[in-house]
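Note sheet for the following structure.
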Amino acid sequence: MPEWAQSIMTSSITWAVLAGVMAYMLTLVGIPVYTWWERRGAALIQRRPGPNRRGPYGLVQAIADAVKLAVKEDVVPAGANKWMHAIAPMIVMTVALTTFAVIPWSGDIELFGKTVRLQVADLNFGIIFILAISSMAVYGVTLAGWSSNNKYSMLGGLRAGAQMVSYEIALGLAVVGMVLVYGTLKLNLMVAGQEGSLFQWGLFQAPLAFLIYMVATYAETNRVPFDLVEADSEIVAGFHTEYSSLRFGLFYMGEYVHMAVSAVLTVILFFGGYHVPWAHTLFGTTPYATLFPWVMAALAALCLALAWDTSRPKRRALTQGNMIFAAILVAVAGGALLLATLYGLFYDVAWFAALCSMVTQVAVLVVKFLFFFWLFIWVRWTVPRFRYDQLMKLGWKVMLPLALFNIGLTSVLVLAGWL
Amino acid sequence: MGALREYFAAIGRTIVTLGDGLAVTFSYLLRKPTTIQYPDRTAQPVVAMLPERSRGMLENDVEHCTGCSMCAKQCPIDCIHITVVKDEETKTRSLTQFDIDAGKCMYCGLCVEACPIGCLRHSLEFEGAMYDINRLMLHFVTEPRVVAKPPKKGEEVQFAPRGSIVRKFLYEAGARPPSSGGAS
Ligand code: SF4
Ligand code: SF4
């Protein structure tokens with residue numbers, strides 16, 4: 112390996128950029144897929160097929176939706192505060208994307224004597240950064256409601272203000288509990304603290320904090336059952352009633368990005384981040400490198416199964432482009448198998464094995480992330496919306512005392528040395 | 559102490575019931591959809607599967623229409639337009655216009671109830687998507703025609719098959735052919 116290649120590979124900028132790409136893949140690239148997923152999941156839970164006509168499994172529908180949004184007329188209502196109206200969706204989106212900066216996508220790996228990690232910024236107040244930034248999202252929502260010159264928007268904005276502020280307290284206090292458990296504010300150290308057995312996971316260390324955190328997260332992202340901000344049966348679409356075209360698109364994407372951040376954060380705080388439980392006892396000293404070929408094999412198997420399914424005559428009769436999709440899937444499967452073979456050949460080349468272990472860790476994180484993303488959708492079609500007074504009651508009378516109790520309990524347990 | 563116990567019991571109940579709910583929705587996720595894929599995977603053409611009394615687009619068998627305008631008077635949104643011209647010499651009345659704006663019609667069926675002859679009726683057709691809404695103005699009379707006499711008592715009137723008239727109009731106006739049905 113030449114000198115310059117080594118210096119590129121060990122430069123922190125390279126990894127920051129890669130981590131940024133990772134975040135964009137999971138959010139901006141992922142959003143069309145998430146919308147499709149949400150619609151399809153909703154449909155299946157309601158026992159109807161859902162979008163399945165455009166492209167294999169209806170996947171192209173998502174792209175069609177995006178194009179439709181982009182080419183629509185952008186209407187700014189009369190009497191709206193133009194500046195605020197334009198800025199509000201940008202705030203929501205920017206805030207949601209910024210929080211990704213401190214997410215560690217993988218653990219430390221050794222490359223040519225240097226330690227690198229897939230993370231944009233290793234801030235020593237990581238979790239505080241996320242809380243601080245994401246609490247600014249409420250400005251976007253409230254401003255949108257206020258600047259639209261529409262009563263429904265106004266109501267939505269007001270609800271957003273009250274709801275997000277009250278649940279942020281519970282959220283912050285739940286996180287304080289986790290900070291006590293791990294003894295650090297850095298997200299990568301938090302994940303490192305969950306290495307080892309399954310019971311090292313935050314979920315088992317502080318189940319109460321997990322409960323509070325989950326509920327508060329749903330409220331923070333304005334998802335059902337806390338979607339009073341945009342309650343469509345009450346106030347049309349709430350704060351984004353008066354938005355159209357890409358500005359609406361920004362809100363829409365912002366919601367999904369916010370969900371993605373929350374899902375990743377849930378995994379990092381409570382579900383071991385990129386760790387596999389009992390990795391070291393089960394898979395030896397370099398567990399993630401050992402797991403790499405298996406991960407690749409699983410990916411290839413998944414791709415091949417999907418390719419087989421799409422190329423069945425029954426599926427082909429439904430949609431167009433199935434064979435192209437299947438070909439892409441087979442290519443991906445081939446690439447995965449190739450990588451697995453390469454690992455088999457070069458597993459004793461230290462830097463290659465290190466890279467492989469990083470890929471495994473990212474894959475583990477993404478799988479957990481997808482589960483929590485799915486949970487958002489699942490809960491959305493399970494639980495009905497809260498009434499406004501119930502929401503406030505839950506926030507202030509249940510969540511807040513519970514979070515305080517949790518802090519007390521955790522502190523005692525930590526002091527007693529049980530955690 | 560009781561209040562505190564109730565507080566924690568409520569939290570416990572929340573978790574349990576939430577799990578119950580999620581289990582229910584998940585079981586639904588795995589079941590077969592109950593809806594039928596419209597339009598091209600139905601067992602028969604959709605129109606053939608509609609119940610007898612369903613109210614599709616209106617059609618008038620003008621051959622039997624007396625031009626009495628009862629239907630137009632009944633229509634709450636005035637979407638039936640009828641013009642009858644009287645020829646002073648031959649003392650005949652002829653129908654020069656019988657338009658129904660299917661784009662406005664709300665399928666309430668009041669006009670059908672009012673028609674003393676029964677020549678105005680609902681077909682079962684409903685697939686009237688057009689690129690131009692004005693094309694949904696269905697002109698049932700293209701050239702002036704002498705109005706029909708009301709049938710005598712006990713006389714059976716033979717109407718054109720239900721739907722045949724409006725379907726012709728729809729094709730001429732550019733609606734897509736009805737869903738084939740039974741395909742794939
Ligand atoms: S069905 Fe009702 S709305 Fe339609 S033409 Fe007849 S009376 Fe008018
Ligand atoms: S359709 Fe019936 S009600 Fe209408 S003008 Fe003709 S006969 Fe009279």
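Protein chains in written order, with the working numbering: chain A, 112 to 530; chain B, 559 to 742. Here a beta-carbon is modelled for each residue, glycine too, at the ideal position from N, C-alpha and C.
Would you check if the distance between the CB atom of F56/A and the CB atom of F497/A is smaller than 8 Å?
Absent from the structure is residue 56/A, since the part of chain A shown begins at 112 and ends at 530.
Own chain residues within Cβ distance below 6 Å of N192/A, not counting five before or after:
S258
With hydrogens ignored, establish whether the beta-carbon of Q602/B is closer than 7 Å to any heavy atom of ligand 1.
no
Does ligand 2 have a heavy atom nearer than 7 Å to the CB of P634/B?
no
F337/A by DSSP, collapsed to three states: which one?
coil
Beta carbon proximity, W507/A to chain C, threshold 8 Å
Protein chains A and B are contained in the structure displayed, whereas chain C is not.
Closer than 6 Å: residues whose CB approaches a heavy atom of ligand 2:
N618/B, C623/B, T624/B, G625/B, C626/B, S627/B, M628/B, C629/B, I640/B, A672/B, C673/B, I675/B, C677/B and L678/B
Alpha carbon to alpha carbon, how far is E345/A from G256/A?
15 Å
I'd like the list of long-range same chain contacts for L417/A, defined as Cβ closer than 6 Å, with 5 residues on each side in sequence excluded.
L440
Here's the rule: buried if 16 or more other CB atoms are within 10 angstroms of the residue's CB, otherwise exposed. What is I379/A?
buried
DSSP three-state label for K479/A, please.
helix
Does DSSP classify N261/A as helix, strand or coil?
coil
Identify whether R720/B lies in helix, strand or coil by the three-state DSSP scheme.
coil
So R498/A contacts chain B; which residues on that side make the cut at Cβ distance below 7 Å?
Per Cβ cutoff of 7 Å: no residues; R498/A is ~16 Å from chain B at best.
Relative to the alpha-carbon of P398/A, which residue among I323/A, L505/A, E306/A and V286/A has its alpha-carbon at the smallest distance?
E306/A
Any heavy atom of ligand 1 closer than 7 Å to the beta-carbon of I533/A?
Since the first residue of chain A shown is 112 and the last is 530, residue 533/A is not available in this structure.
So, is the C-beta of T146/A closer than 8 Å to a C-beta in chain B?
no
Run through DSSP, which three-state label would Q602/B get?
coil
I'd like to check one pair, L696/B with F727/B: are the Cβ atoms closer than 8 Å?
yes
Going by other Cβ atoms of all chains shown within 10 Å of its Cβ, with 16 needed for buried, is A561/B buried or exposed?
exposed
Contact belief for T493/A with T583/B at Cβ below 8 Å, rounded distance in angstroms:
4 Å
Compare the beta carbon distance of L511/A and A281/A with 8 Å and say whether it is the shorter of the two.
yes
Do you know whose CA, among R158/A, A153/A and G169/A, lies nearest A428/A's CA?
G169/A
In whole angstroms, give me the CA-to-CA distance for A741/B and V724/B.
Any reading at A741/B must be qualified, since the residue scores a pLDDT of 39, below 50, and its modelled position is unreliable; the value itself is stated next. Their Cα atoms are separated by approximately 25 Å.
Excluding five sequence neighbours on each side, which residues of the same chain lie with their C-beta closer than 6 Å to the C-beta of Y458/A?
A464
Would you say the beta carbon of M664/B is closer than 7 Å to some non-hydrogen atom of ligand 1?
yes
Residue nearest to W419/A in terms of C-alpha spacing, selected from W126/A, L155/A and P167/A
P167/A
Given Y329/A, which residues of its chain have a CB within under 6 Å of its CB, disregarding the five upstream and five downstream residues?
F337
Determine which residues of the stretch 309-323 of chain A have a Cβ less than 8 Å from any Cβ of chain B, and write them out in chain order.
L322
P160/A at chain B interface by Cβ criterion, 8 Å
yes
Are the beta-carbon atoms of M615/B and I635/B separated by less than 8 Å?
no
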